[in-house]
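Have a look at the structure below before the remarks.
Protein chains: 2
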Amino acid sequence: MPRDLTQEIHNLIERGRDRQLRLAVTGLSRAGKTAFLTSLVNQLRHAGIDARLDLLKPAREGRLLGAQRMSQPDLGIPRFPYDEALASLAGEPPRWPEPTRGISELRLKLRFKTRRARGLLGDTANLTLDLIDYPGEWLLDLPLLAHDFLGWSEAQLAAMGPERQRFAEPWRRAVAAHRPDEVVDETRLAELAGRYADNLRQAREAGFSHLQPGRFLLPGELEGAPVLQFFPLPGIAEADRRQLEALPAESLYKTLARRFRHYQQHVVKPFYREHFRRFDRQIVLVDVLGALNAGPERFEDLASALATLMQSFDYGKRSLLNRLFAPRIDRLAIAATKADHVTPDQHANLVALLESLLAEPLKDLRYADVPVRAFSLAAIRATENRQVESDGQRQPALRGHGLDDAPLLLYPGDVPARLPDAGFWQRQGFTFTAFRPPPADGGALPHIRMDAALDWLLGDKLR
Amino acid sequence: MPRDLTQEIHNLIERGRDRQLRLAVTGLSRAGKTAFLTSLVNQLRHAGIDARLDLLKPAREGRLLGAQRMSQPDLGIPRFPYDEALASLAGEPPRWPEPTRGISELRLKLRFKTRRARGLLGDTANLTLDLIDYPGEWLLDLPLLAHDFLGWSEAQLAAMGPERQRFAEPWRRAVAAHRPDEVVDETRLAELAGRYADNLRQAREAGFSHLQPGRFLLPGELEGAPVLQFFPLPGIAEADRRQLEALPAESLYKTLARRFRHYQQHVVKPFYREHFRRFDRQIVLVDVLGALNAGPERFEDLASALATLMQSFDYGKRSLLNRLFAPRIDRLAIAATKADHVTPDQHANLVALLESLLAEPLKDLRYADVPVRAFSLAAIRATENRQVESDGQRQPALRGHGLDDAPLLLYPGDVPARLPDAGFWQRQGFTFTAFRPPPADGGALPHIRMDAALDWLLGDKLR
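For the record, the sequence lines run as chains A and B. If you want our numbering, it's the 1-based position in the first sequence plus 52. If you want our numbering, it's the 1-based position in the second sequence plus 52.
Structure representation (C-alpha cells):
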C-alpha cells in the first residue's frame, strides 16, 4: 500500500509536468516551412505505425504511441492547411503544397509511455503540442523597434548595395523632388509609397531576402492602409534632428514618422506580444542551397537577413526583446532544408556551411546561453541515391523527377563547407535543380533527419 | 471696435462648431458603394468648378469653395481607392470600378463661406469630412449578438426558404451523421464547416442577400481560422438546453457554441465598438432594380435582409445596440441606386418602392425619432434620355452602351410603386439591362440627384 501511494504521487507529478509545448516554425519565403510542417505532422501521426523515426528516442524505444489532431486554442488564427498540403502531395503528378502567407497553427495530442528505471515502460501520458507557422520576414522587422524614423531611414539607405540601389532608382528619383518640410498631398504620398513597395517586391523577385519593412511584402488586410505607406527619407541625418522635430505635423517628415511609429506599435509589436512571447521552442529553416544557386550578392544578403532574423532569439538580459516582451524560447534549431537535393556525401558540408553562414549570431546565442543545434534535413525526400560510372569511377548521384515531371539523374555539385569566397563563385558556382515531390503511397512521408530535429525539439518532453 | 469684437466672438463660435463629420456609406454587395463614394469625392472635388450640385444648398449659393484630400486619421484602415476607381472609369472602354471588399476610408477638407443674414457671405471655414465605406453584410450580423448559439441555431434553420434549403442539402446530410454530444475530430469539423460556407456562397451567387454569418462570405485574414468554422446544429431545441449545457467541453455542441461566442466577441463586436459607434451620418444604398430583376423569392429575401440591416440604425433607448455601444448616427439616408437604368418618369415609383420595401424598418426608425430620408439616384449616370416613336406615340427611352460596349437604345419597363404581388411577377416581370459607365472627359462625373443626397447628409454642416 505505501509503495502504491508513492507511485501514485509520482504519477501525479509526472502528469502535471511538461504537458504543453508551443513549437514555432519559421523561415524566409521558399525556405520550406509548409513542407516541413506537413511532414512533421505526418511523421507524428504515423509514429508507431510506419514512420521511420529512429533518431527520435521515444519512438526508437517504442514509447511514442501516436498523435491525434485537436481543436486549436486560438480560434482567430488560421489553421495550418495540413489536409490541403497532403492532397497536393497526393496529386498526379504530385505537387509541393501552396506556401502559407501568414501565421497559422495546428494542435496535436501526442500519446506516449513514460520511461521508468531499467528501461521499463511506465504510464501513458499526453503531450499537447501546438505547432505555429509564421513568415520569417516578420522577424526582419525587429530592429525597426530599436530605431526611430530618422535612425531607421539612415540605416535603410546606407544598407543598400549596388544592385538593390538599381531597383530603388525610380523611387529615389521621385522622392528627390520633395523636401522634408513640404506638405505632400495624399495621392502623391501614396504614389511614392507605391514605388518604394515596388522596389522591395522587385528585389525579392530577384532573390534578395533582407527587405524591410516585412509587411510591405505580405500586407494581408492592411493592403492600401497608410500604415504600410511610408519609406525612408533620403538626405536627412542625425545632425538635423532638432530642425526636423520642429517641423509642422503635416510636413512630409512628420507624416512619415507618424506612420513609422504606427507600424512599430500596431504591426510589429503585436506579433511579439501576442505570439512570439508564448513560443517554447523554435526551428528556423534556411534554404542554403537556393542561396548558393543565386550567386554572391544574394548569398551575402541572405547572411545579413539571417543575422537580423536571429536577433529575435538572442535575448540576453539586456536585449531590447527581453525588455519589451520577456520571451521564453528555451531551445532553438536551425536547419538547412532540401538536403535531398544534394548527394549524402555533401550533407556534412551543408551543416558546416549553415553554421558558417550563421557564425556571428550563433556566437551571440551561445554567449546568451540559448541552446541551439544545427541540422541538414529534407522534410519530404524527393530523390533517391544512386551511383553512376563516370571516367571509370563510381560517383554518387540523385534520381528523381523535375518540376516538369521529367525523370532526372544528376550530380548537383559540391557544397562548400565554409562561406564561399570570390574564387568559389568564379571557379565553379553551383546549380542545383529543383525536384518535384515523390509519388504519395498513403504511408508516412519519406524524409531525411526529420527524426533528429524532432528529437532535439521535443524528445525531452516525452520522457 | 465693439462690433468687431462681437463679430470675432461669433467667428470663434462658428469655427468651434460642426467642424468634423464622419459619414458612412454601406449597402449589400453590388448595391453600388464604390461608384457612390467615387462620385461623392469627385463631386466635392469639382464643387465650385464644373460639378452640377444645384440641390446642395451651399453649392447653389456659391459658398462651397472646394475640397482637398487629407491624410486619414486611422492609419491601419485601407484608404478608399479613389484614384484606382477614376482610372477604371477613364479606361477605353470605361469600366465600373472594382468593388471594395472590406472597410476603407478617405478624408476630405471642405472649404466654404459661412452664411450671414440677408444672404451675405461670411468667413471662410473648413469641414473635415471622413468618408467610410463598409460592407452591408457586416450589419446582417447584429442580430447574432442578441442570441446564444442555441437560439441562433434554431432561428437560422427556421428561416431557410425552400430554395435556400436546396443549397443547404449537402451540408444538412453530412451534419445529420453527428450527434450534439459526439466528439467530432478537427478534420471532419472543418469539412462540415466548409460545406456550410459553400451553401452560403452558392446562395449568394444565386442572388440571395440575407446570409449569416456575414464574414463567412468575406473572410479576409480569418480565412481558415476556427472562428469562421461553425454552423447551426439541426435538431436541437430550447427544451434541451439543460442537457446540452451539461455536455463535455469537447462535444460538438460545446465546440460550436465556443466558436459562435468567439465570433460574437472578436468579429462582430469590434466592428460596432471601433467603427460604427463613431459614425455621425449614414447612407444605405439598395439595388432595388437588381432585386426586381431577380424575381419574387430573392426580392423577399432582400426585404428581409434590409429589415435586419436597418436594425443597426434603430436604437431606441432600450435597443441592444444602444446598451452595447451607444452609437451616435443622427441622420440617415436610404437610396435606390442605378436610377439611370430606368427612364425619369419611373424615378418617383423607384423611391416609392424603396419606401415600401423598407416600410417596417422606417416605421421603427420614425418611432425612435431617427431622421431618415429616401432617395433615388445614379452616382455615375450611364445613360441619356431619349424619346422614341412607338405605335405612333412618343415614349421615353434610354441610350447608352451595354457592358459589352454595344450601343443600346431601350425602354427597360415600368417600376411598380409598391411591393409587387404575384400578379406583377406573372404579368410582366422586369428586366433591366446593365450599362457600362459613360466615357470620362476629365470633368465632374455626370450623376442624378447626388446633390440632393449630399444636401441631406452634410448641407446643414456647411452653414
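For every residue, glycine included, the Cβ atom is placed at its ideal position computed from N, Cα and C.
Kindly identify the DSSP beta-bridge partner or partners of A:V440. DSSP output for A:V440 lists A:Q447 as bridge partner(s).
Closest Cα partner of B:F164 within the set B:R253, B:E157, B:G154 and B:T176: Looking only at B:R253, B:E157, B:G154 and B:T176, the smallest Cα-Cα distance to B:F164 is reached by B:T176.
By alpha-carbon positions, which one of B:P464, B:R425, B:D421 and B:A430 ends up nearest to B:V440? It is B:P464.
Same chain only: Cβ atoms within 8 Å of A:M53, ignoring 5 sequence neighbours per side: Any reading at A:M53 must be qualified, since the residue scores a pLDDT of 43, below 50, and its modelled position is unreliable; no value is offered.
Quick one: measure Cβ to Cβ for B:V422 and B:L384, integer angstroms, because I've assumed they're closer than 8 Å. About 6 Å separates the two Cβ atoms, so the contact holds.
Could you tell me whether the segment 310-327 of chain B touches the segment 196-211 of chain B, where touching means 3 or more Cβ pairs closer than 8 Å? Because the criterion of three Cβ pairs below 8 Å is met, the segment 310-327 of chain B and the segment 196-211 of chain B touch.
Reducing DSSP to helix, strand and coil, say where A:H314 ends up. In the structure shown, A:H314 sits in a helix (DSSP, three-state: H, G or I).
Which first and last residues belong to the beta strand (DSSP E) in which B:K109 is found? Here B:K109 belongs to no beta strand (DSSP E); instead the alpha helix (DSSP H) covers K109 to R112.
Taking the C-alpha atoms as reference points, what is the distance between A:F219 and A:D185? Each residue's alpha carbon lies about 30 Å from the other.
Ends of the alpha helix (DSSP H) at A:E407? Per DSSP, A:E407 belongs to the alpha helix (DSSP H) from H399 to L409.
Buried or exposed: where does A:G266 fall if 16 or more other Cβ atoms within 10 Å of its Cβ makes it buried? Answer is buried; the Cβ neighbour count reaches 16.
Within 8 Å of chain B by C-beta, residues of the segment 227-247 of chain A in sequence order: The segment 227-247 of chain A vs chain B, Cβ under 8 Å: D237, E238, T239, L241 and A242.
Compare the C-beta of A:P133 against all C-beta atoms of chain B and say whether one is closer than 8 Å. Yes, because at least one Cβ of chain B sits closer than 8 Å to the Cβ of A:P133.
Our contact map puts A:L285 next to A:L252 with C-beta atoms below 8 Å; I'd like the distance itself, whole angstroms only. Beta-carbon to beta-carbon, A:L285 and A:L252 are separated by about 16 Å, too far to satisfy the 8 Å threshold.
Assign A:E436 to one of two classes, buried (16 or more other C-beta atoms within 10 Å of its C-beta) or exposed (fewer than that). With fewer than 16 other Cβ atoms within 10 Å, it is exposed.
Would you report the Cα separation of A:I432 and A:S91, rounded to the nearest angstrom? Across the structure, A:I432 and A:S91 are spaced so that their CA atoms are roughly 6 Å apart.
Take A:A161 as the anchor and find which of A:H327, A:A430, A:G213 and A:Q120 has the nearest alpha-carbon. The residue asked about is misnamed: residue 161 of chain A is Lys in this sequence, not Ala. Measuring from the Cα of A:K161, the nearest candidate turns out to be A:Q120.
Taking the alpha-carbon positions, what's the A:R438 to A:V467 distance? Each residue's alpha carbon lies about 18 Å from the other.
Classify A:T239 as buried or exposed, calling it buried when 16 or more other Cβ atoms lie within 10 Å of its own Cβ. Result: exposed.
Hey, is A:V440 close to the ligand FAD, as in C-beta under 7 Å from one of its heavy atoms? For the ligand FAD, the structure offers nothing, since it holds no ligand at all.
Within 10 angstroms of its Cβ, does A:F323 collect 16 or more other Cβ (buried), or is it exposed? Here A:F323 is buried: its Cβ has 16 or more other Cβ atoms, across all protein chains shown, within 10 Å.
Assuming contact is defined by CB atoms lying nearer than 8 Å, are B:P232 and B:S140 in contact in what I supplied? Judged by their CB atoms, B:P232 and B:S140 are not nearer to each other than the 8 Å cut-off.
Outcome for B:Y248 when other beta-carbon atoms lying within 10 angstroms are tallied against a minimum of 16: Under this definition B:Y248 is a buried residue.
Looking at the C-beta of B:G100, does it have a partner C-beta in chain A at a distance below 8 Å? Not closer than 8 Å to any Cβ of chain A, the Cβ of B:G100 fails to qualify, so no.
Per the DSSP calculation, A:P459 is bridged to which residue(s)? In DSSP, A:P459 forms a bridge with A:H453.
Going by DSSP in three states, A:Q72 sits in which element: helix, strand or coil? When DSSP states are grouped into helix, strand and coil, A:Q72 belongs to the strand group.
If you count every other CB in all the chains shown that lies within 10 Å of the CB of A:A291, and 16 or more means buried, which is it? The residue in question, A:A291, is exposed, as its Cβ has fewer than 16 Cβ neighbours within 10 Å.
Beta strand (DSSP E) runs contained entirely in the segment 325-382 of chain B, provided each spans 3 or more residues: Restricting attention to beta strand (DSSP E) runs no shorter than 3 residues, the segment 325-382 of chain B encloses them at 333-338, ordered along the chain.
8 Å Cβ cut-off: residues of chain A touching B:L274: Chain-order list of chain A residues neighbouring B:L274: G128 and P130, by C-beta distance under 8 Å.
Could you tell me the alpha carbon to alpha carbon distance between A:A301 and B:D493, rounded to whole angstroms? A:A301 and B:D493: Cα-Cα distance of roughly 36 Å.
What residue range is occupied by the uninterrupted beta strand (DSSP E) comprising A:V467? DSSP places A:V467 in no beta strand (DSSP E); its state is neither H nor E.
For A:G203, which of helix, strand or coil comes out of DSSP? Residue state for A:G203 is assigned as helix, using DSSP reduced to three classes.
Throw me the rounded Cβ distance for the B:R504 and B:Q334 pair, which I believe falls under 8 Å. It should be noted that the sequence gives Ala, not Arg, for residue 504 of chain B. Contact between B:A504 and B:Q334 is ruled out by a C-beta separation of about 16 Å, above the 8 Å threshold.
In the DSSP assignment, find the unbroken beta strand (DSSP E) run with A:V424 in it and report its ends. Unbroken beta strand (DSSP E) run through A:V424: V424 to S428.
Within 8 Å of any Cβ in chain B, is that where the Cβ of A:G287 sits? So, not an interface residue.
Does the segment 148-162 of chain B come within contact of the segment 78-96 of chain B, defined as at least 3 CB pairs closer than 8 Å? Contact holds: three or more Cβ-Cβ distances are below 8 Å.
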